[in-house]
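Structure first, commentary second.
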Amino acid sequence: MSSHQHALEHWLEGRIERWKWLDARSRGTAKDDSGSGKEEVEFVEGFRALGRDLALARSTVPDTQLTRYLTGLSVRCREEIYAEPGSLWRSLRDTALYTVPKVVYELRSVIVSTILLFIVSGLCGWWLVNTFPELVSLFASQKMINTVQSGELWTDDLLNILPSSVLAFSIITNNVVVTLTAFVLGVFYGLGTFYIITMNGLMLGGIFAFTGRYGLDQRLLEFIVAHGVVELSVICLAGAAGLSLGEALMRPGERRRIDAFREAVARAGSLLVVAIPFLVGAGVIEGYISPDDSFPFEIKLMTGLAYGAVFWFVMAGGFWRRAL
Numbered sequence: 097m098s099s100h101q102h103a104l105e106h107w108l109e110g111r112i113e114r115w116k117w118l119d120a121r122s123r124g125t126a127k128d129d130s131g132s133g134k135e136e137v138e139f140v141e142g143f144r145a146l147g148r149d150l151a152l153a154r155s156t157v158p159d160t161q162l163t164r165y166l167t168g169l170s171v172r173c174r175e176e177i178y179a180e181p182g183s184l185w186r187s188l189r190d191t192a193l194y195t196v197p198k199v200v201y202e203l204r205s206v207i208v209s210t211i212l213l214f215i216v217s218g219l220c221g222w223w224l225v226n227t228f229p230e231l232v233s234l235f236a237s238q239k240m241i242n243t244v245q246s247g248e249l250w251t252d253d254l255l256n257i258l259p260s261s262v263l264a265f266s267i268i269t270n271n272v273v274v275t276l277t278a279f280v281l282g283v284f285y286g287l288g289t290f291y292i293i294t295m296n297g298l299m300l301g302g303i304f305a306f307t308g309r310y311g312l313d314q315r316l317l318e319f320i321v322a323h324g325v326v327e328l329s330v331i332c333l334a335g336a337a338g339l340s341l342g343e344a345l346m347r348p349g350e351r352r353r354i355d356a357f358r359e360a361v362a363r364a365g366s367l368l369v370v371a372i373p374f375l376v377g378a379g380v381i382e383g384y385i386s387p388d389d390s391f392p393f394e395i396k397l398m399t400g401l402a403y404g405a406v407f408w409f410v411m412a413g414g415f416w417r418r419a420l
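Put into structure tokens, the structure is as follows:
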């Protein structure tokens, strides 16, 4: 190899950081990818420079791994730039495969904190009702209390009252409303979201403590376990998204408060686009499987754990991101 070729190849290798950024940007995984106009311009300019790099690579080191890599990168960048606007399928795919896993990673500490808040609230609710049984009236209606005191659960006759399809639709609607409420109330500097998560935890813990006094807590667990893993996970994610709204309002950093808020809405809102369809599945499970005693506890437990694992696998990105 001549000294000229060696110097040219060395120059190409010196461009690797820019290529890495283009690669990450084309896949939607760039750490500084906020979707600003400046970054879009830089991406287009980088694509043009990449074309020159690729031409030099083909003339000096053809049929090499470097040339093949630059060719593939150029194709991906071109697809990103010349993609048809308004492609719903492409937008949903990119949101599910790239945006959501990135947001989950960025909000990981908030998500963990929200889950811990829910767990602590649940334990507090259990302790309160177990210590002061009369406080159950804060979390349950008098009809529910009377039903439990008579040795039955309010869920026992659900299928006799409503068809599974109607029950599932009602449950899905309620779950979506609760999820959106937990998210939207974050505009009150996170206090509204904090209230929703805390009250749901207190309620669940209190109900378990109350049913436990009458030996019905195991039956309540059998009813909840199939659908509850995903339902509670989605509510906690929505809570984390809502808290991120509050944080953007309280601590916008160097950005304008409105810009920080818009970015938080776009970032956290993408979580709900992917998470809410899982609520539909959870509602179907709650309408058809959870109240049906013909399904043994083991089946319901496996259903809940498997569905929960799929949910978190999708939200975390799975292994497929590296293949696309």
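Using the numbering used here, read the sequence shown as starting at 97 and increasing by one per residue.
Where is the CB? At the ideal position from N, CA and C, for every residue including glycine.
Apart from the five residues just before and just after residue i, which ones in its own chain have a Cβ nearer than 6 Å to its Cβ?
{"i": "residue 413", "result": "197"}
{"i": "residue 262", "result": "none"}
{"i": "residue 218", "result": "297, 300 and 301"}
{"i": "residue 421", "result": "Nothing can be reported for residue 421: it is not among the residues displayed for the chain, which extend from 97 to 420."}
{"i": "residue 288", "result": "281"}
Roughly how many angstroms separate the alpha carbons of residue i and residue j, rounded to a whole number?
{"i": "residue 323", "j": "residue 301", "result": "17 Å"}
{"i": "residue 267", "j": "residue 214", "result": "21 Å"}
{"i": "residue 156", "j": "residue 163", "result": "10 Å"}
{"i": "residue 132", "j": "residue 347", "result": "With a pLDDT of only 48 at residue 132, under 50, the local geometry of the prediction cannot be trusted, and the value read off the model is given with reservation. Approximately 20 Å, taken between the alpha carbons."}
{"i": "residue 234", "j": "residue 363", "result": "35 Å"}
{"i": "residue 290", "j": "residue 339", "result": "8 Å"}
{"i": "residue 203", "j": "residue 411", "result": "12 Å"}
{"i": "residue 334", "j": "residue 353", "result": "21 Å"}
{"i": "residue 272", "j": "residue 375", "result": "7 Å"}
{"i": "residue 152", "j": "residue 356", "result": "42 Å"}
{"i": "residue 252", "j": "residue 385", "result": "13 Å"}
{"i": "residue 240", "j": "residue 319", "result": "15 Å"}
{"i": "residue 317", "j": "residue 365", "result": "31 Å"}
{"i": "residue 377", "j": "residue 285", "result": "31 Å"}
{"i": "residue 119", "j": "residue 349", "result": "28 Å"}
{"i": "residue 281", "j": "residue 343", "result": "12 Å"}
{"i": "residue 390", "j": "residue 174", "result": "55 Å"}
{"i": "residue 216", "j": "residue 327", "result": "18 Å"}
{"i": "residue 236", "j": "residue 138", "result": "57 Å"}
{"i": "residue 221", "j": "residue 228", "result": "10 Å"}
{"i": "residue 232", "j": "residue 117", "result": "56 Å"}
Just to confirm before moving on: does the CB-CB distance between residue i and residue j stay below 8 Å?
{"i": "residue 194", "j": "residue 123", "result": "yes"}
{"i": "residue 330", "j": "residue 400", "result": "no"}
{"i": "residue 226", "j": "residue 305", "result": "yes"}
{"i": "residue 368", "j": "residue 269", "result": "no"}
{"i": "residue 191", "j": "residue 370", "result": "yes"}
{"i": "residue 210", "j": "residue 336", "result": "yes"}
Count the other C-beta atoms from every protein chain shown that fall within 10 angstroms of the C-beta of residue i, then say buried if there are 16 or more, exposed otherwise.
{"i": "residue 307", "result": "buried"}
{"i": "residue 296", "result": "buried"}
{"i": "residue 396", "result": "buried"}
{"i": "residue 405", "result": "exposed"}
{"i": "residue 141", "result": "exposed"}
{"i": "residue 206", "result": "buried"}
{"i": "residue 381", "result": "buried"}
{"i": "residue 373", "result": "exposed"}
{"i": "residue 293", "result": "buried"}
{"i": "residue 403", "result": "buried"}
{"i": "residue 208", "result": "exposed"}
{"i": "residue 223", "result": "exposed"}
{"i": "residue 113", "result": "exposed"}
{"i": "residue 185", "result": "exposed"}
{"i": "residue 158", "result": "exposed"}
{"i": "residue 212", "result": "exposed"}
{"i": "residue 383", "result": "buried"}
How far does the alpha helix (DSSP H) with residue i in it extend, from its first residue to its last?
{"i": "residue 119", "result": "112-123"}
{"i": "residue 395", "result": "393-412"}
{"i": "residue 385", "result": "Unbroken run through residue 385: none, as it is neither H nor E."}
{"i": "residue 235", "result": "Residue 235 -> no alpha helix (DSSP H), and no H or E assigned at all."}
{"i": "residue 246", "result": "Premise fails: residue 246 is in no alpha helix (DSSP H) and is neither H nor E."}
{"i": "residue 204", "result": "204-227"}
{"i": "residue 319", "result": "313-346"}
{"i": "residue 176", "result": "161-177"}
{"i": "residue 300", "result": "287-308"}
If you drop the 5 nearest sequence neighbours on each side, which residues of the same chain put their C-beta closer than 7 Å to that of residue i?
{"i": "residue 170", "result": "146, 147 and 150"}
{"i": "residue 313", "result": "304 and 307"}
{"i": "residue 177", "result": "140 and 143"}
{"i": "residue 345", "result": "285, 353 and 357"}
{"i": "residue 393", "result": "318"}
{"i": "residue 379", "result": "264, 267, 268 and 271"}
{"i": "residue 283", "result": "341"}
{"i": "residue 247", "result": "310"}
Only counting the same chain, and skipping five residues up and downstream in sequence, which positions put a Cβ closer than 8 Å to that of residue i?
{"i": "residue 160", "result": "153"}
{"i": "residue 245", "result": "310"}
{"i": "residue 249", "result": "243, 307, 312, 315, 316 and 319"}
{"i": "residue 408", "result": "329"}
I want to check one thing, is the minimum distance from the CB of residue i to the heavy atoms of the ligand ATP below 7 Å?
{"i": "residue 388", "result": "Among the ligands in the structure shown, none appear at all, so the ligand ATP cannot be discussed."}
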